[in-house]
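Visitor: Numbering (the numbering used here), first residue to last: 2 to 137. All residues carry an ideal CB built from backbone N, CA and C; glycine is no exception. This is the structure I have questions about; it appears just below.
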């Protein structure tokens, strides 16, 4: 009876088993209403737009990655980031690395890159790494 009581208490109070799935550290590009009220901090705040643009027409698939960066620092900067596209089942269907160089202080840079995605339906775009460095 004592053993059953101990087991019930452990289950009821939970345990600190480290085998649980950790919370992802990705920065989503699509944010909830609550997240939209909290502006990104630091260099990540320079990344003002990152999304998929479906330019498909006449049965030809044509999905592009588009972005906007505004250099809020006082130095010419280079930006690099890694991204992934995940479908509704959580499967990564595309990923890559992008680079934007020599962005002057206060300057806005826009870019685009073709993808191999067949559709944007149900796709979530995540930035998995983002860095700003001084450009020389």
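Please report the straight-line C-alpha distance between residue 74 and residue 129, rounded to a whole angstrom.
Guide: Cα to Cα, residue 74 sits roughly 22 Å from residue 129.
Visitor: Excluding the five sequence neighbours on either side, which residues of its own chain have a C-beta within less than 8 Å of the C-beta of residue 94, listed in chain order?
Guide: So the qualifying residues of the chain are 86, 87, 88, 118, 124.
Visitor: At which residue ranges does the region 62-122 contain complete beta strand (DSSP E) runs of 3 or more residues, listed in the order of the chain?
Guide: With a minimum length of 3 residues, the continuous beta strand (DSSP E) runs that stay inside the region 62-122 are 64-71, 78-87, 93-104, 109-115.
Visitor: Assign residue 50 to one of three DSSP states: helix, strand, or coil.
Guide: Residue 50 falls in the strand class under three-state DSSP.
Visitor: Can you tell me where the beta strand (DSSP E) with residue 130 in it begins and where it stops?
Guide: From DSSP, the beta strand (DSSP E) with residue 130 extends over 125-135.
Visitor: Report yes or no: do the region 57-75 and the region 106-116 share at least 3 C-beta pairs separated by less than 8 Å?
Guide: At 8 Å Cβ cutoff, the stretches touch.
Visitor: How many Å lie between residue 82 and residue 100 at the Cα?
Guide: Each residue's Cα considered, the two are about 7 Å apart.
Visitor: Are the CB atoms of residue 132 and residue 104 within a distance shorter than 8 Å?
Guide: For residue 104 and residue 132, no; Cβs fall outside 8 Å.
Visitor: Counting C-beta neighbours from all protein chains within 10 Å, is the total for residue 120 16 or more, i.e. buried, or is it exposed?
Guide: With fewer than 16 Cβ atoms within 10 Å of its Cβ, residue 120 is classed as exposed.
Visitor: Quick one, which of 56, 135, 76, 60 has its alpha-carbon nearest residue 116's?
Guide: Taking only the C-alpha atoms, the option nearest residue 116 is 56.
Visitor: With a cut-off of 8 Å on the beta carbons, I'd call residue 126 and residue 51 a contact; round off their distance for me.
Guide: Between residue 51 and residue 126 the Cβ distance is about 7 Å, and since that is below 8 Å, they are a contact.
Visitor: Skipping 5 residues on each side, what residues in its chain have a beta carbon closer than 6 Å to that of residue 135?
Guide: Cβ neighbours of residue 135 beyond the five flanking positions: 76.
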